[in-house]
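Chemist: Sequence order for the protein chains is A and B. Quick note on this note's numbering: the first sequence kicks off at 43 and runs consecutively. Quick note on this note's numbering: the second sequence kicks off at 326 and runs consecutively. Structure below; questions to follow.
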Amino acid sequence: DAGITQSPRHKVTETGTPVTLRCHQTENHRYMYWYRQDPGHGLRLIHYSYGVKDTDKGEVSDGYSVSRSKTEDFLLTLESATSSQTSVYFCAISPWTENRTQYFGPGTRLLVL
Amino acid sequence: GQQVMQIPQYQHVQEGEDFTTYCNSSTTLSNIQWYKQRPGGHPVFLIQLVKSGEVKKQKRLTFQFGEAKKNSSLHITATQTTDVGTYFCAGQESNSGYALNFGKGTSLLVTP
Numbered sequence: 043d044a045g046i047t048q049s050p051r052h053k054v055t056e057t058g059t060p061v062t063l064r065c066h067q068t069e070n071h072r073y074m075y076w077y078r079q080d081p082g083h084g085l086r087l088i089h090y091s092y093g094v095k096d097t098d099k100g101e102v103s104d105g106y107s108v109s110r111s112k113t114e115d116f117l118l119t120l121e122s123a124t125s126s127q128t129s130v131y132f133c134a135i136s137p138w139t140e141n142r143t144q145y146f147g148p149g150t151r152l153l154v155l
Numbered sequence: 326g327q328q329v330m331q332i333p334q335y336q337h338v339q340e341g342e343d344f345t346t347y348c349n350s351s352t353t354l355s356n357i358q359w360y361k362q363r364p365g366g367h368p369v370f371l372i373q374l375v376k377s378g379e380v381k382k383q384k385r386l387t388f389q390f391g392e393a394k395k396n397s398s399l400h401i402t403a404t405q406t407t408d409v410g411t412y413f414c415a416g417q418e419s420n421s422g423y424a425l426n427f428g429k430g431t432s433l434l435v436t437p
């Protein structure tokens with residue numbers, strides 16, 4: 043597996059609190075992505091980054107923000123967590139090639155009460 | 326925007342039976358990729374198809390890319406319990422695109 047870690051791996055939080063998930067890579071890949079996975083919806087892209095400080099929105103970006111101050115770290119913040127954001131969150135990385143093969147991290151299970 | 330549809334959503338087979346999942350894109354793709362996710366795990370890259378009509382094999386798995394580069398299929402011959410999981414296709418619309426468009430996946434259950 044590619045060198046990708048996510049932290050925390052599990053988190054329980056309350057509605058209205060801010061939450062930050064971290065993705066760390068040791069592959070020096072240019073592209074990084076945040077997905078959420080929910081039953082019946084597959085993998086939905088939240089935000090992605092194509093370089094340090096270069097980010098853009100995916101299809102389900104409302105309520106989420108991201109930051110990438112270093113190549114190796116991509117942070118996902120839930121500004122005010124809601125129960126609808128209970129999900130499994132995956133980070134993925136992709137090298138600078140024509141074909142965006144993605145390598146996924148182990149995931150973070152988030153429960154918002 | 327591009328949409329990738331994948332069918333069936335679920336498939337339950339007896340061990341030894343064959344299995345096929347299909348993927349269709351609303352637009353022409355530059356390449357299509359397949360991923361497998363075991364229960365409780367994360368998606369893992371299986372293969373990439375680039376050329377029109379391309380066929381690739383990995384042991385009991387056969388992957389095809391349509392002539393029009395808008396559809397693809399994954400066929401597993403003689404399923405085993407180790408094949409259990411969800412299979413996702415993911416299409417890339419152009420070489421300049423930053424992201425892949427994932428299908429919703431096909432969950433395969435194999436009973437002995």
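We put the CB at the ideal spot given by N, CA and C, even for glycine.
Based on the DSSP output, what are the partners of A:Leu85 in its beta bridges?
Modeler: A:Gln79
Chemist: State yes or no: is the beta carbon of B:Gln417 nearer than 7 Å to at least one beta carbon in chain A?
Modeler: yes
Chemist: Are at least three pairs of beta-carbons, each pair with one atom in the segment 95-115 of chain A and one in the segment 330-347 of chain B, less than 8 Å apart?
Modeler: Contact between the segment 95-115 of chain A and the segment 330-347 of chain B is absent, because fewer than three Cβ pairs lie under 8 Å.
Chemist: Suppose contacts are defined by Cβ-Cβ distances below 7 Å. Is B:Thr346 in contact with B:Leu386 by that definition?
Modeler: At a Cβ-Cβ threshold of 7 Å, B:Thr346 and B:Leu386 do not count as neighbours.
Chemist: To the nearest angstrom, report how far apart B:Tyr360 and A:Tyr131 are at their CA atoms.
Modeler: 17 Å
Chemist: What span of residues does the beta strand (DSSP E) with B:Trp359 cover, start to end?
Modeler: 356-362
Chemist: Short of 6 Å in beta carbon distance, which residues of its chain neighbour A:Thr47, apart from the five on each side in sequence? Order them along the chain.
Modeler: Counting only Cβ-Cβ distances below 6 Å, and skipping sequence neighbours, we find His66.
Chemist: Classify A:Thr55 as helix, strand or coil using the three-state DSSP reduction.
Modeler: strand
Chemist: How about B:Glu418: is its Cβ closer than 6 Å to a heavy atom in the ligand GTP?
Modeler: Here there are no bound small molecules, and the ligand GTP is not part of this structure.
Chemist: Under a Cβ-count criterion, where at least 16 other Cβ atoms within 10 Å of its own Cβ denotes burial, should A:Met74 be classed as buried or exposed?
Modeler: Buried: at least 16 other Cβ atoms inside 10 Å.
Chemist: Give the straight-line distance between the Cα atoms of B:Val380 and B:Met330, rounded to the nearest whole angstrom.
Modeler: 20 Å
Chemist: Taking 7 Å as the CB-CB limit, is A:Thr113 close to chain B?
Modeler: no
Chemist: Counting only the same chain and skipping the five closest in sequence on each side, list residues whose C-beta sits under 6 Å from that of B:Gly416.
Modeler: Val329, Ser350, Leu354, Ile357, Asn426
Chemist: May I ask you to report which of helix, strand or coil DSSP gives A:Ser126?
Modeler: DSSP places A:Ser126 in helix when its eight states are reduced to three.
Chemist: In angstroms, rounded to a whole number, what distance separates the CA positions of A:Val154 and A:Ser49?
Modeler: The alpha-carbon atoms of A:Val154 and A:Ser49 are separated by roughly 16 Å.
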